Amino acid sequence: MSTKTLTVLFASAALTVLLGFPALRALHASEPGEALAPLAALLGADSQQRPVTLAEDDGHETEGGTVVRGESDDDEGACGDDDGNCAPAPAAPAPGGSVPPPQNGLFDNGAAPQVQVK
Amino acid sequence: MLKSLLAALALTTALSFPAVAMAKPVKLSAQLRDYGGNNAYLALYVTDKNNNYVGSLWLAGSRTRYFEHLAGWYNATGGDTSQINGLTGASVGSGRTLEITLDLKDALFDQGYKLHIDAAAENMRESPNDVVVPLTTAGAGTPVKGRRYISSFTYSM
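Protein chains in written order, with my numbering: chain B, 1 to 118; chain R, 119 to 275.
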């Protein structure tokens with residue numbers, strides 16, 4: 001083998017070792033972060049860790065009582081039953097004064113209630 | 119002759135005013151706290167001395183889907199809207215006062231009956247029995263403090 005060939009072989013081997021050694025070291029890293037350190041350095045990550053942000057609480061009270069949920073657009077026409085059967089909505093009651101009160105033994109002569117909101 | 123006339127007058131008087139003798143207009147006044155939320159639904163109803171539901175007096179609020187949140191009333195009636203036919207009106211805003219005048223039978227008073235008020239508002243907690251007050255002639259005009267939504271409730275005759 002000529003001297004020139006040997007020289008080329010040695011040079012390429014040296015180059016391989018120089019380039020491959022860090023990668024080899026990374027593969028055998030014992031700490032999880034250690035493997036990422038070179039990558040982080042390349043990407044220019046912050047030196048300080050960012051705190052983890054939890055999802056914000058939606059503000060609904062749940063302690064000690066049921067919360068009245070408001071209406072949403074998804075409620076329109078939605079049925080809770082998986083079979084798609086919807087229970088009929090209760091009939092809306094007549095407003096005060098439009099019909100006599102029910103005969104429940106509380107009212108006397110059926111006079112229309114008088115209501116005021118101040 | 120005079121005796122006959124007096125007798126006739128007494129009889130006609132008794133026959134003319136039986137309604138006045140058996141019933142009276144009762145004013146119910148519920149002042150809400152300034153809780154700063156949506157309008158409140160209120161259900162006013164009566165139970166007897168054994169705590170059995172007797173009947174409804176008024177329901178403030180128009181959307182039937184929210185009636186179930188007036189839990190005491192709903193549990194007692196199963197949400198039967200015929201119980202409140204002719205007894206509904208608008209919901210009541212935070213800090214406002216609801217005044218209702220009803221012709222109630224005298225027999226409701228001093229017989230162990232109680233008036234209940236359930237309250238609820240959107241995105242806030244339900245408050246069954248926000249007010250519970252015995253119906254007595256002695257209690258008329260005495261303010262009663264509510265648990266959550268109602269600042270003060272009185273009934274007067």
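We put the beta carbon where it would ideally sit given N, CA and C, even for glycine.
Everything numeric in this text was worked out from a predicted model, so none of it was measured.
May I have the straight-line CA-CA distance separating Asp236(R) from Met275(R), to the nearest angstrom?
-> Taking the first residue of the second sequence as 1, we reach residue 236(R) at position 118. Taking the first residue of the second sequence as 1, we reach residue 275(R) at position 157. About 22 Å.
For chain B, is any of its Cβ atoms less than 8 Å away from the one on Val210(R)?
-> Numbered from 1 along the second sequence, position 92 holds the residue referred to as residue 210(R). Closer than 8 Å: yes.
Check whether Leu188(R) and Ala238(R) have beta carbons under 8 Å apart | For the purposes of this step, residue 188(R) is taken as the residue at position 70 of the second sequence. For the purposes of this step, residue 238(R) is taken as the residue at position 120 of the second sequence. Yes.
Close Cβ partners of Thr215(R) (< 8 Å) along its chain, the five nearest in sequence each way excluded | By one-based count along the second sequence, residue 215(R) stands at place 97. Only Ser147, Ala148, Gln149, Leu150 meet the Cβ criterion.
With 16 other CB atoms within 10 Å as the buried threshold, where does Ala92(B) fall?
-> The residue labelled residue 92(B) in the question sits at position 92 within the first sequence. Per the 10 Å Cβ criterion, exposed.
Can you have a look at Pro113(B) and say buried or exposed, based on whether 16 or more other CB atoms are within 10 angstroms of its CB?
-> Position 113 of the first sequence, counted from the first residue, corresponds to residue 113(B). Pro113(B) is classed as buried because its beta carbon has at least 16 other beta carbons within 10 Å across all chains shown.
Would you list, in sequence order, the uninterrupted beta strand (DSSP E) runs of no fewer than 3 residues that lie entirely inside the stretch 170 to 247 of chain R?
-> List check, beta strand (DSSP E) in window: 171 to 178, 215 to 223, 232 to 239.
Less than 8 Å between the CB atoms is what I'm expecting for Tyr153(R) and Ser212(R), so what's the real figure, rounded?
-> Counting from one through the second sequence, the residue named residue 153(R) turns up at place 35. Counting from one through the second sequence, the residue named residue 212(R) turns up at place 94. Confirmed, about 5 Å.
Have a look at Glu217(R) and Ala161(R) and give me their C-alpha separation to the nearest angstrom.
-> The residue labelled residue 217(R) in the question sits at position 99 within the second sequence. The residue labelled residue 161(R) in the question sits at position 43 within the second sequence. Roughly 13 Å separates the two Cα atoms.
Mind checking whether the beta-carbon of Asp152(R) lies closer than 7 Å to any heavy atom of the ligand FAD?
-> For the ligand FAD, the structure offers nothing, since it holds no ligand at all.
Three or more C-beta pairs below 8 Å linking the stretch 163 to 181 of chain R and the stretch 101 to 112 of chain B = yes
Minimum Cβ-Cβ distance from Pro93(B) to chain R less than 8 Å = Stepping through the first sequence from its first residue, residue 93(B) is reached at position 93. Yes, Pro93(B) counts as interfacial toward chain R.
Status (buried if at least 16 other CB within 10 Å, exposed otherwise) for Arg25(B) = Within the first sequence, numbered from 1, the residue matching residue 25(B) stands at position 25. It is exposed - the Cβ of Arg25(B) has fewer than 16 other Cβ atoms within 10 Å.
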